[in-house]
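Numbering (my numbering), first residue to last: 71 to 139. The beta-carbon is built from N, C-alpha and C at its ideal position, and this holds for glycine as well. Quick caveat: nothing in here was measured; it's all calculated off a predicted structure. Beneath this line is the structure, given in C-alpha cells, with notes to follow.
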Amino acid sequence: MEKILKIIFFIALGVSYLAGYFIHKHHAVFFYHHIPSIESYFGIIFTVFLIFMKMTIAFFAEREEDFYE
C-alpha cells in the first residue's frame, strides 16, 4: 500500500510540474510568475526549510531522559 501511494505521489508531482510548462499565465503580477512551475520550486524549497526548522527547534526543545523523575 505504501509503495503504491509513493508511486501515485510521484506521478502527481510530475504531472503538476509538467503542467506548469503548458499553462499560460495571462496576467503575471510579479516577474517570477513567468518562470514555468515556479510554484513547485517554492513548494520544495519551503518544505525543506520547514523540515530543517522543525529539526532545529526539536534539538533545542528536547529534554533529558530523566527530566520528570
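Under the three-pair Cβ rule at 8 Å, the region 82-90 counts as touching the region 101-110.
Straight-line spacing of the CA atoms in F80 and D136 works out to 42 Å.
Counted as a single uninterrupted DSSP element, the alpha helix (DSSP H) harbouring Y91 occupies residues 72-92.
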